[in-house]
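Asks: This is the structure, below, for whatever I ask next.
There are 4 protein chains.
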Amino acid sequence: MIVLLKPNPDKAQLDSLIKWLESKGVEIHPTVGTTQTILGLVGDTSHLDIDLISALDIVAGVRRVQEPYKNANRKFHPDDTVIKVGNTVIGGGNLTLIAGPCSVESEEQICAIAQKVKESGATLLRGGAFKPRTSPYSFQGLRDEGLKLLSVAKKLTGLPIVTEIMDIAHLDSFDDVDVIQVGARNMQNFELLKALGNTRKPILLKRGLSSTYEELLMSAEYIMAGGNNNVILCERGIRSFETYTRNTLDISAIPVLKQLSHLPVIIDPSHASGKSALVAPLACAAVAAGADGLIIEVHNDPEHALCDGPQSIRPEAFDALVKKLGRISSAVKG
Amino acid sequence: MIVLLKPNPDKAQLDSLIKWLESKGVEIHPTVGTTQTILGLVGDTSHLDIDLISALDIVAGVRRVQEPYKNANRKFHPDDTVIKVGNTVIGGGNLTLIAGPCSVESEEQICAIAQKVKESGATLLRGGAFKPRTSPYSFQGLRDEGLKLLSVAKKLTGLPIVTEIMDIAHLDSFDDVDVIQVGARNMQNFELLKALGNTRKPILLKRGLSSTYEELLMSAEYIMAGGNNNVILCERGIRSFETYTRNTLDISAIPVLKQLSHLPVIIDPSHASGKSALVAPLACAAVAAGADGLIIEVHNDPEHALCDGPQSIRPEAFDALVKKLGRISSAVKG
Amino acid sequence: MIVLLKPNPDKAQLDSLIKWLESKGVEIHPTVGTTQTILGLVGDTSHLDIDLISALDIVAGVRRVQEPYKNANRKFHPDDTVIKVGNTVIGGGNLTLIAGPCSVESEEQICAIAQKVKESGATLLRGGAFKPRTSPYSFQGLRDEGLKLLSVAKKLTGLPIVTEIMDIAHLDSFDDVDVIQVGARNMQNFELLKALGNTRKPILLKRGLSSTYEELLMSAEYIMAGGNNNVILCERGIRSFETYTRNTLDISAIPVLKQLSHLPVIIDPSHASGKSALVAPLACAAVAAGADGLIIEVHNDPEHALCDGPQSIRPEAFDALVKKLGRISSAVKG
Amino acid sequence: MIVLLKPNPDKAQLDSLIKWLESKGVEIHPTVGTTQTILGLVGDTSHLDIDLISALDIVAGVRRVQEPYKNANRKFHPDDTVIKVGNTVIGGGNLTLIAGPCSVESEEQICAIAQKVKESGATLLRGGAFKPRTSPYSFQGLRDEGLKLLSVAKKLTGLPIVTEIMDIAHLDSFDDVDVIQVGARNMQNFELLKALGNTRKPILLKRGLSSTYEELLMSAEYIMAGGNNNVILCERGIRSFETYTRNTLDISAIPVLKQLSHLPVIIDPSHASGKSALVAPLACAAVAAGADGLIIEVHNDPEHALCDGPQSIRPEAFDALVKKLGRISSAVKG
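Top to bottom, those sequences are chains H, S, A and D.
1 is the number of the first residue of the first sequence in my numbering; add one for each residue after it.
1001 is the number of the first residue of the second sequence in my numbering; add one for each residue after it.
2001 is the number of the first residue of the third sequence in my numbering; add one for each residue after it.
3001 is the number of the first residue of the fourth sequence in my numbering; add one for each residue after it.
Printed below as a string of structure tokens:
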């Protein structure tokens, strides 16, 4: 960390700052220029509060040199994290396909889709029980009943379940859930992250709509600080000025997050675009860029399509897409 | 609401859509053009799920004409909402000043600041007990102990308390809190909003960092749908490409939100800028643009400034600012 | 186009509006609801000025149904535009590789790189002669001398040249340039677009840093309105809140622009990321998503790397990348 | 400037970097830590190309300490720049009001508005002759004829003229123009900026829609590097995710730009909001925040309002606003 001092800093305040920093276990290397004095801080600075230092009267600015996350940082954990879920693994060169409907609606629906996507090659089943909706008047999901139906589909197909949690109070009902999803709007719900850090369940952590890579990794760090290292990062589109797509898939997140962190990176092309016609090209791009997996919305009943999101694709389209993704994955590996 | 159909829509699907819409209680007025057919929906469309309709095969697009919020909408409630808190009111032409430290740190600190800001003209005391921090390694607030210290300061000065809640589970400890703040990162924590809708406490709802006015009003609607109409909207800066300021104060939020809604609008110039030198000019601008109040960070102890955010101002600066704001408020009213 | 009227519009103003719209050759279909009257406009509305109509006292809002661009619109030109440049074509299923240095620096440099990238499979040579730089104190390019050196490299290798124009006044010097590039910062330099519309040269039009798809297509429309249909669209990254990468590649631009328009779509992974390590994964993603080509910065002289941008890759890396892209392209086509 | 080196940098490359930097006239202060070596650069670094240094193999990152602009920097020119235009001055505590129609349409129109706004207190006349329009099919302004009509209005009222230039080639026609405006979309049209730097005309430089303060000041620096110090900065709204307003006025730009630079700062509330109802509150906010002036669209003919933008206000509204702004300006000064 580098602390830039204002010109002619008060001597007493500077001594007090240096003493305080040293008490935190960092070494200080000052550079005195004609117009600017710089303190180079060497050692573990991840526990220093950058805002507090910036607030000091004598400080002009603070620049980080090291990343503020440790457990999630590839520098300290060079090997890929591989997460075992049921009979499958996420990360480590595996291409994981998670598929299922936007919302769980009925036993028939979730079981039928589960069987279909399993046949096509999906290894995990997704489905929303608790639904975060912008409007209080929109369908909020089947909630506990939805979790039960997911368990039925899991028993039938053997597919582990991925579903979203919206509040700590619901955690007790998530016993049979294999991967707990944290939605984009809860990426900085720090109390929820802490609670999930106290479990040992794999957590699929979605990036917030306008969050940076560092903020995503700091949220992962919240979970890992509790001892739960089973974190899967998920890029699901950021908010941009473009309104044609619901969000804008940040494809660079794949190589960058994999470089900064050892955690697996999953892409959600369905929510990223909000349009079924874009799911296949975005999924192909994600695999070509090195994603560890995809989470895709698949619906089953075009006649009652009122109940599916505009970003869901049909089982036949999913089946064709899986074949294409396999070819691209091989092409990338050479 | 206007539904744009794709060219040559399937007759059976169109009939089914029209029947479904009519079953929701809306009247349909079709406009048949040579290249485009449009359905004009007349009646209360706030309960229709725009995403579901957009997903239909025969639909090219949906455009809202009416706002999707009702309780928060000025069209249906033309008069300003005025919220009584202790001996003061928020809204209705009153200029409310909320002031206090970033975090509650000790009884001496919070009581000293409370007395200072009261003398200058603040009518509510703010102070963080539960602190949402990007890093799990940063100070997370005194939590329950912080709430107790706020109560001590309230008893001493008579100032009602404003403080942030981070999880439903903490609600029981907020009995003596007068106004519960929902932070920007929790603006779409829908389960929390629902729980607060079941209380009758005034809620200070902060706008999310990249949220639109409509999304803010829909989050207010979540609270109001539970029967709690005591919602105060708070603009605290949006994320922009500018990195010189921590966030970018959206000053237009004041006249726009007051036009769209009857709820009071409060401005937070401290978090909007992240720099103490900008607090005064932004506060002046907010009052000139018609804000119902301000929430400002004030610290008291420059010698130990390590504990205050870079956006806090000193009591003397707050005192001078209050006088200036009074003059501007009079100038605006003419 | 749909015009939403305010409640109880003035009769005389409404009649005057309808008469004016009819004089522009559009048919009017009014829908009268209890709270809202809507005018459905049928016919060619691309020449109507949406701002002027919105400004009317009786108008609450205007919503477009049809795209405001015509020549660039796939609806009216279903077949892919294929642009012939020298011995190669851009568009129509071809994967075009444009490569070369950030800036032209010397005859040795540009000729050496041109030969290298040609051997690897590039079919066009890029190189900056006029350089748009944020600072007036940065190197501004060799300008006219740079154009001459590009011509030398073209003569030597037979590769057609792509280079950027920064002002109409320079157009005379661009005779030997095969594809004229318009930079992101000039995407809405309308006078320049008009001047280029009067030539018949292929134009590589880069998307502005915060422009929408529609704005990009409207800028293409400016060129095409002058009779020059040889426009190549180029996505080169948008500005986002992420600062780790210089810009954020909007990979969705590929399928969306190809759906909305018949013009070829080229991706610039070098400027999109600003980091050489990201060029390969982004290039792979672009080909997987269906791009018509890539424009990539390649430098040749690691010992004097001070003169190359941080996003340039070396000839050997380019060579390996081209092979990978070929495999992915085949995998996508199946 | 601070250069962060990668761990274990190549000795020869490091020596070559240090030698190169010293040849540019800067002193090097290295800080060698256990995991990181830092070079502190002391001296005038504004001429160093940050991109080139970042591109070096041994460099992990570069952080600026000093601003890259010099002529526009308040540090080197502590006193406010005051620009004389006709009989009035811009900057230095004066509140300048620039008013006039969106587009010049006829002699009657421009002269009538000029007289009206002069009576209300405007000291400069604005009016568009060359109009940057997103669509090639929209009205592009009266161009040279518009400039002539502005001159007629100037002769009649004595008000100096402010109007926009769109291309260097038009510069000859701008002889009688007193302040040349550079539009937001041309803020980084560097060739145009250079040409204007060679004149001695006052330049009203509008901030780009997604530009940072530093980028705006670097564009001012382009003009000033040519010897023309008569630059007026203009904030006119940035692009944000909010679609209710056309743009989002960044009110913080006023205190920040005035702190970073000595140049006058003018606010355009008309384009910032795109809505006439927001012009007054935003103008009031701008004056309260310390703006040096305002540029406001005023139209005169409500019956033919089709020709005015939705953000124009009527002369009576402008007259009332001017009175209010005077009161606020006095209140701010105390």
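Where a beta carbon is used, it is the ideal one built from N, C-alpha and C, also for glycine.
Nearest chain D C-beta to F1318 (chain S) closer than 9 Å, yes or no?
Replies: No - not a single Cβ of chain D is within 9 Å of the one on F1318 (chain S).
Asks: Going by other Cβ atoms of all chains shown within 10 Å of its Cβ, with 16 needed for buried, is D1044 (chain S) buried or exposed?
Replies: exposed
Asks: Below 8 Å on the Cβ atoms is my contact criterion, and I expect L1204 (chain S) with V1179 (chain S) to pass it. Report the Cβ-Cβ distance as a whole number of Å.
Replies: 5 Å
Asks: Determine, for F2174 (chain A), whether the minimum Cβ-Cβ distance to residues of chain S falls below 9 Å.
Replies: no
Asks: Give me the Cα-Cα distance between M3187 (chain D) and A2153 (chain A), rounded to the nearest whole angstrom.
Replies: 34 Å
Asks: Using alpha carbons as the reference points, say which of A:K2024, A:L2294, A:I2165 lies closest to P2269 (chain A).
Replies: A:L2294
Asks: Should the region 1221 to 1232 of chain S be called in touch with the region 3255 to 3262 of chain D, which here means at least 3 C-beta pairs below 8 Å?
Replies: With a cut-off of 8 Å, the region 3255 to 3262 of chain D and the region 1221 to 1232 of chain S do not count as touching, because too few Cβ pairs lie within range.
Asks: I2050 (chain A) touches chain S at which residues, Cβ-Cβ below 8 Å?
Replies: Correct list: empty, because the minimum Cβ distance to chain S is about 14 Å.
Asks: I'd like to know if S252 (chain H) contacts chain A, where contact means its C-beta is closer than 9 Å to some C-beta of that chain.
Replies: yes
Asks: Go through its chain and collect everything with a Cβ distance to A1184 (chain S)'s Cβ below 7 Å, but skip five positions before and after it.
Replies: K1206, R1207, G1208, L1209, R1236
Asks: Looking at the unbroken alpha helix (DSSP H) that takes in V1082 (chain S), where does it start and where does it end?
Replies: Here V1082 (chain S) belongs to no alpha helix (DSSP H), and DSSP marks it neither H nor E.
Asks: Could you check where the alpha helix (DSSP H) with C3234 (chain D) kicks off and where it finishes?
Replies: C3234 (chain D) -> not in any alpha helix (DSSP H); beta strand (DSSP E) instead, spanning 3231 to 3235.
Asks: Taking 9 Å as the threshold (beta carbon to beta carbon), is K3324 (chain D) in contact with chain S?
Replies: yes
Asks: Within the same chain, show all residues whose beta-carbon is closer than 6 Å to that of V2287 (chain A), passing over the 5 residues directly before and after it, in chain order.
Replies: L2325, I2328, S2329
Asks: Answer yes or no: does any C-beta atom of chain H fall closer than 9 Å to that of V2256 (chain A)?
Replies: yes
Asks: Give a yes or no on whether the C-beta atoms belonging to I2238 (chain A) and P2202 (chain A) are separated by under 9 Å.
Replies: no
Asks: Whose Cβ in chain H lies nearer than 7 Å to the Cβ of G2309 (chain A)?
Replies: Within chain H, no residue comes near G2309 (chain A); the closest Cβ sits about 17 Å away, beyond 7 Å.
Asks: I'd like to know if F3139 (chain D) contacts chain S, where contact means its C-beta is closer than 9 Å to some C-beta of that chain.
Replies: Using a CB distance cut-off of 9 Å, F3139 (chain D) does not count as an interface residue toward chain S.
Asks: One question on the structure: do I1113 (chain S) and G1121 (chain S) come within less than 9 Å of each other, judged by their Cβ atoms?
Replies: no
Asks: So the beta strand (DSSP E) E27 (chain H) belongs to, where does it begin and stop?
Replies: 27 to 32
Asks: Out of A:C2234, A:L2216, A:A2169, which one is the CA nearest neighbour of V2162 (chain A)?
Replies: Answer by Cα proximity: A:C2234.
Asks: From the DSSP secondary-structure annotation, give me the bridge partner or partners of T163 (chain H).
Replies: H:I180
Asks: Give the straight-line distance between the Cα atoms of C307 (chain H) and F130 (chain H), rounded to the nearest whole angstrom.
Replies: Caution applies to C307 (chain H), whose pLDDT of 49 falls short of 50 and renders its modelled position unreliable; the value that the coordinates give is listed next. CA-to-CA, the gap between C307 (chain H) and F130 (chain H) works out to about 15 Å.
Asks: Alpha carbon to alpha carbon, how far is V104 (chain H) from V2298 (chain A)?
Replies: 50 Å
Asks: So who's on the other strand from S3103 (chain D), going by DSSP bridges?
Replies: Looking at the DSSP assignment, S3103 (chain D) forms a beta bridge with D:G3128.
Asks: On a Cα-Cα basis, can you pick out the residue from D:D3057, D:H3029, D:H3047, D:I3050 that is closest to K3011 (chain D)?
Replies: D:D3057
Asks: Tell me the rounded alpha-carbon separation between F318 (chain H) and V2265 (chain A).
Replies: Approximately 26 Å between the Cα atoms of the pair.
Asks: Can you tell me whether S1261 (chain S) is helix, strand or coil according to DSSP?
Replies: strand
Asks: Output yes or no for whether 9 Å exceeds the beta carbon distance between H29 (chain H) and L39 (chain H).
Replies: Contact flag set, yes.
Asks: DSSP three-state label for L2039 (chain A), please.
Replies: strand
Asks: Could you give the distance in angstroms between the alpha-carbon of K3333 (chain D) and the alpha-carbon of N3094 (chain D)?
Replies: 12 Å
Asks: Just the C-alpha distance for L1052 (chain S) and I254 (chain H), rounded to the nearest angstrom, thanks.
Replies: 31 Å
Asks: For P3136 (chain D), count neighbouring Cβ atoms within 10 angstroms of its own Cβ and tell me buried if that reaches 16, exposed if not.
Replies: buried
Asks: Span of the alpha helix (DSSP H) holding L3282 (chain D)?
Replies: 3276 to 3288
Asks: I'd like the span of the alpha helix (DSSP H) that includes T1088 (chain S), first residue to last.
Replies: According to the DSSP assignment, T1088 (chain S) belongs to no alpha helix (DSSP H) but to the beta strand (DSSP E) extending over 1088 to 1090.
Asks: Taking just the CA atoms, how far does Y3222 (chain D) sit from A3331 (chain D)?
Replies: Rounded to the nearest whole angstrom, the CA to CA distance from A3331 (chain D) to Y3222 (chain D) is 37 Å.
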